[in-house]
Amino acid sequence: MKLANRISLTAALLGASMLTAIGCSSTDSSAPSPSASPAAAPSAAATSAASAPAAATDNALVKPVTFSFYGNYDWFTMDPWGNDSTSKWIVENLKVNVTPIQSSGAAETKFSTMIASGSLPDVVMTDRGNSVERLRQAGMLVPLDEYLEKYPNIKKNVGAATLNMLRADDGKLYQIPNWYTSSPNGNSGWIINRKIYKELGSPKLETFDDLYAYLKQVKEKYPNVVPLEVGPKGAGIDIMYSGFAENKPYLKKAAPAGNELKSIFTESVFMENMKFASLLFREKLITQDLFTQTSDQLGEKLKTGRVAVYVDGDVVNPGGSATTALQQQDKEAGYDVIWPIHKAGLDAKKITPSSFNSLGWNVLLITKKAKDPDAVFSYMDWVTSDEGQRVTNFGPPGLYWDKTDADGAPVQNEKFLTATQAEKSKEKLGSFNWVGNTTFIDKTKSKMDTLLPPEKQNWTTQAQNKVTWKTSKDFTEFVNLDPLPDSAEGSIATIVNDIYTEVYAKALYAKSDAEVESLLKKAEEDAKRAGYDKLLKFQTERWQSNLAKMKK
Numbered sequence: 073m074k075l076a077n078r079i080s081l082t083a084a085l086l087g088a089s090m091l092t093a094i095g096c097s098s099t100d101s102s103a104p105s106p107s108a109s110p111a112a113a114p115s116a117a118a119t120s121a122a123s124a125p126a127a128a129t130d131n132a133l134v135k136p137v138t139f140s141f142y143g144n145y146d147w148f149t150m151d152p153w154g155n156d157s158t159s160k161w162i163v164e165n166l167k168v169n170v171t172p173i174q175s176s177g178a179a180e181t182k183f184s185t186m187i188a189s190g191s192l193p194d195v196v197m198t199d200r201g202n203s204v205e206r207l208r209q210a211g212m213l214v215p216l217d218e219y220l221e222k223y224p225n226i227k228k229n230v231g232a233a234t235l236n237m238l239r240a241d242d243g244k245l246y247q248i249p250n251w252y253t254s255s256p257n258g259n260s261g262w263i264i265n266r267k268i269y270k271e272l273g274s275p276k277l278e279t280f281d282d283l284y285a286y287l288k289q290v291k292e293k294y295p296n297v298v299p300l301e302v303g304p305k306g307a308g309i310d311i312m313y314s315g316f317a318e319n320k321p322y323l324k325k326a327a328p329a330g331n332e333l334k335s336i337f338t339e340s341v342f343m344e345n346m347k348f349a350s351l352l353f354r355e356k357l358i359t360q361d362l363f364t365q366t367s368d369q370l371g372e373k374l375k376t377g378r379v380a381v382y383v384d385g386d387v388v389n390p391g392g393s394a395t396t397a398l399q400q401q402d403k404e405a406g407y408d409v410i411w412p413i414h415k416a417g418l419d420a421k422k423i424t425p426s427s428f429n430s431l432g433w434n435v436l437l438i439t440k441k442a443k444d445p446d447a448v449f450s451y452m453d454w455v456t457s458d459e460g461q462r463v464t465n466f467g468p469p470g471l472y473w474d475k476t477d478a479d480g481a482p483v484q485n486e487k488f489l490t491a492t493q494a495e496k497s498k499e500k501l502g503s504f505n506w507v508g509n510t511t512f513i514d515k516t517k518s519k520m521d522t523l524l525p526p527e528k529q530n531w532t533t534q535a536q537n538k539v540t541w542k543t544s545k546d547f548t549e550f551v552n553l554d555p556l557p558d559s560a561e562g563s564i565a566t567i568v569n570d571i572y573t574e575v576y577a578k579a580l581y582a583k584s585d586a587e588v589e590s591l592l593k594k595a596e597e598d599a600k601r602a603g604y605d606k607l608l609k610f611q612t613e614r615w616q617s618n619l620a621k622m623k624k
């Protein structure tokens, strides 16, 4: 999986838990943010802008329907429909019922069996790319273009450019995007252990030179602390890459140069990053178990304060959880997000470790098994409306909010402020948001959070607002570059990926910069023999095609 996709996926997978934090004040959100503006209650301006109790105004076009739903992921288990206030409201007000079909931890096997037997569900949630093409090429999907003209929200909110990016080679649209966006987002970057940083004198920590000096201090004075944690499989090293050039997208196995994609193995930025990472690794300034540690083990290090600096594709959610855990014992403990560390001489405002794309995370497909695809689409179109986003993410009107402000954001009521976490968890807020409008939710989340007292403000939201969203680059033009696995280019991509994975690990264990250079030179030669140039040509054409689609 490409880093950009991994970052997008991570951010979207964690989106549901963040949204739960929005409406549920989860354990991630109990830590105050030092820089947050205090607000004991909704402001007079917010109150005066609030509407009358919200009425169902966006759902007039929704048709009553019952359909089956399958999430094509091992980890995905859909909550029972109708057992919580949100889905009960949908049943009662929209007359929509959903029957879950579970993967039971074996999504690929289940999916293949359903395709082979012709027993597909009405709606499939899956990744873009190969899964979609398998169904489309087999004639199992419903084209959606006619519904775009009939129902208003998907066409308006997603936008023509993004919808064009999702069209198949036949020019038709078969997929509805989830967690699409028109505004920057992302959780990639850097956080620091605030107590260790303060005890070491709060030195300047802006450039990689500053970082190196600081990590050496940590190693000397805190022998039981990991100076720099880079996440499972060393994913944080990929994020470090963005600090060696301005406005630098990271494609993992390719590097944009002018109008072409070139070899990553010969790129100077990649070379520089791998040399620096290798230096840190051999001096034991980076965790030495990066290839074997699990996410749980990393979480335990963070929650016990045994990490001084952390860089990764998502530092926001683990940083919030760890801060909450540490502050249960010491209110002065926790982690702080910092501006991305970068190479000396670069413009700090142009360093972009986070990336986002307008297509968002995954997609929903309506299969030809659906008896009334028009009705199914009408419901999906409602989900992504302002009302749909309020109901699915913050609960139905009358539960934790009664009014909306001038922008349509829910104004939290007294019950929201007094309900326990256990009570809120039962409502499954965010669980059924299958056509998530990230722009609306992010704006709403930020607004709602600033109206809370400091002790209830969300650490995650503050970190995003202060740094990670401000240092995020639009990555849309680089999506969908990977060839299908069973194509000639797909076979080359598999080999190049193996070469990349192997040299990545070897470079970290290298004894010198010269050895890193030698390893990358050998990787370039091996990749070229495998047909790397043909793969890069294919990906360049896909990239340029994306740019053309986005201009339509």
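For the sequence shown, our numbering gives the first residue as 73, with consecutive numbering after it.
Quick reminder that beta carbons are idealized off the backbone N, C-alpha and C, glycines included.
Item to check | the stretch 520-539 in contact with the stretch 567-579 per 3-pair CB rule at 8 Å | outcome: Here the stretch 520-539 does not lie against the stretch 567-579, with fewer than 3 beta-carbon pairs under 8 Å apart.
Checklist entry - In angstroms, rounded to a whole number, what distance separates the CA positions of residue 462 and residue 184? => result Each residue's Cα considered, the two are about 35 Å apart.
Item to check | For residue 593, three-class secondary structure by DSSP | outcome: DSSP places residue 593 in helix when its eight states are reduced to three.
Checklist entry - From 559, 495 and 136, pick the residue whose C-alpha is nearest to that of residue 168; which is it? => result For residue 168, the nearest C-alpha among the options comes from 136.
Next on the checklist: Please tell me whether residue 436 and residue 195 are closer than 8 Å, where the distance is taken between their beta carbons.
Outcome noted: Judged by beta-carbon spacing, residue 195 lies within the 8 Å limit of residue 436, meaning their Cβ atoms are closer than that value.
Checklist entry - Quick one: what does DSSP say residue 339 is sitting in, helix, strand or coil? => result Looking at residue 339 - three-state DSSP - the assignment turns out to be coil, as it is neither helix nor strand.
Next on the checklist: Which same chain residues end up closer than 6 Å to residue 263 when comparing Cβ atoms and leaving out the 5 residues on each side of it in sequence?
Outcome noted: Same-chain partners within the cutoff: 382, 387, 391, 407 and 409.
Checklist entry - Out of curiosity, what's the CA-to-CA distance linking residue 556 and residue 228? => result The alpha-carbon atoms of residue 556 and residue 228 are separated by roughly 31 Å.
Checklist entry - Tell me which same chain residues have a C-beta within less than 7 Å of the C-beta of residue 328, skipping the five on either side of it? => result Same-chain partners within the cutoff: 321.
Item to check | Inter-residue Cα distance where the pair is residue 429 and residue 280 | outcome: If you take the alpha carbons of residue 429 and residue 280, they lie about 28 Å apart.
Checklist entry - How about residue 291 and residue 357: do their beta carbons lie closer than 8 Å? => result Yes; because the gap between Cβ atoms is below 8 Å, this pair is in contact.
Checklist entry - Taking buried to mean at least 16 other C-beta atoms within 10 Å of its own C-beta, is residue 315 buried or exposed? => result Residue 315 should be labelled buried.
Item to check | N-terminal and C-terminal residue of the alpha helix (DSSP H) that residue 519 is part of | outcome: Segment 510-522, the alpha helix (DSSP H) holding residue 519.
Checklist entry - If you drop the 5 nearest sequence neighbours on each side, which residues of the same chain put their C-beta closer than 8 Å to that of residue 206? => result Sequence-distant Cβ neighbours of residue 206 in its own chain, meaning closer than 8 Å and more than five residues away, are 187.
Checklist entry - For residue 278, which residues from the same chain have a beta carbon less than 8 Å from its beta carbon, with the 5 sequence-adjacent residues on both sides left out? => result In chain order, 411, 413, 414 and 420 place their CB closer than 8 Å to the CB of residue 278, counting only its own chain and leaving out the 5 sequence neighbours on each side.
Next on the checklist: Distance check for residue 613 and residue 577, CA to CA, integer angstroms please.
Outcome noted: Each residue's Cα considered, the two are about 30 Å apart.
Checklist entry - residue 253 and residue 510 look like a contact to me (Cβ under 8 Å); what is the Cβ gap, rounded to whole Å? => result With 8 Å as the limit, residue 253 and residue 510 qualify as a contact, their Cβ atoms being about 4 Å apart.
Item to check | Sheet register partners of residue 143 (DSSP bridge) | outcome: Beta-bridge annotation (DSSP): residue 143 is paired with 197.
Item to check | Straight-line gap, residue 98 to residue 455 (C-alpha atoms, nearest Å) | outcome: Note that residue 98 scores 30 on pLDDT, short of 50, meaning its location in the model is unreliable and no value can be drawn from it.
Next on the checklist: Quick check on the DSSP output: what are the complete beta strand (DSSP E) runs of length 3 or more inside the stretch 246-297, in order along the chain?
Outcome noted: Counting only runs of 3 or more, we get 247-249 and 261-265.
Checklist entry - Short check: CB of residue 233 to CB of residue 520, under 8 Å? => result Not in contact: residue 233 and residue 520 (Cβ atoms no closer than 8 Å).
Next on the checklist: Could you give the first and the last residue of the continuous beta strand (DSSP E) run that contains residue 471?
Outcome noted: Here residue 471 belongs to no beta strand (DSSP E), and DSSP marks it neither H nor E.
Item to check | Beta-carbon proximity list for residue 364, same chain, < 7 Å, skipping 5 on both sides | outcome: Hits under 7 Å: none found.
Next on the checklist: In whole angstroms, give me the CA-to-CA distance for residue 256 and residue 372.
Outcome noted: Distance between the alpha carbons of residue 256 and residue 372 is about 30 Å.
Checklist entry - Mind pulling the beta strand (DSSP E) runs of 3 or more residues that sit fully within the stretch 383-411? => result Within the stretch 383-411, the complete beta strand (DSSP E) runs of at least 3 residues fall at 407-410.
Next on the checklist: Could you check whether the stretch 329-347 touches the stretch 581-597, counting it as contact only if at least three pairs of C-beta atoms, one from each stretch, sit closer than 8 Å?
Outcome noted: At 8 Å Cβ cutoff, the stretches touch.
Next on the checklist: Considering only DSSP beta bridges, list what residue 169 is partnered with.
Outcome noted: Note: residue 169 sits in a beta bridge opposite 138.
Item to check | N- and C-terminal bounds of the beta strand (DSSP E) containing residue 438 | outcome: Residues 435-438.
Checklist entry - Distance, Cα to Cα, residue 273 vs residue 399? => result Taken atom to atom, the span from the alpha-carbon of residue 273 to that of residue 399 is near 21 Å.
Item to check | For residue 303 and residue 544, believed in contact at Cβ under 8 Å, the rounded distance | outcome: So it is not a contact: roughly 18 Å between Cβ atoms.
Item to check | Anticipated Cβ contact below 8 Å, residue 350 with residue 547, distance rounded | outcome: So it is not a contact: roughly 27 Å between Cβ atoms.
Checklist entry - Hey, would you say residue 214 sits closer than 8 Å to residue 440, going by beta carbons? => result The Cβ-Cβ distance between residue 214 and residue 440 falls below 8 Å.
Next on the checklist: Please return the same chain residues whose Cβ sits closer than 6 Å to the Cβ of residue 603, not counting the five positions on each side in sequence.
Outcome noted: If we look at residue 603 and ignore the five residues flanking it on each side, its Cβ neighbours are 564.
Checklist entry - Which of helix, strand or coil does DSSP assign to residue 242? => result In this structure, residue 242 counts as coil in the three-state DSSP scheme.
Next on the checklist: Which residue wins for smallest C-alpha separation from residue 269, given the options 251, 289 and 517?
Outcome noted: With respect to the C-alpha of residue 269, the residue from 251, 289 and 517 having the closest C-alpha is 289.
Checklist entry - Just to confirm, are residue 158 and residue 500 a CB contact at a threshold of 8 Å? => result Note that the C-beta distance between residue 158 and residue 500 is below 8 Å.
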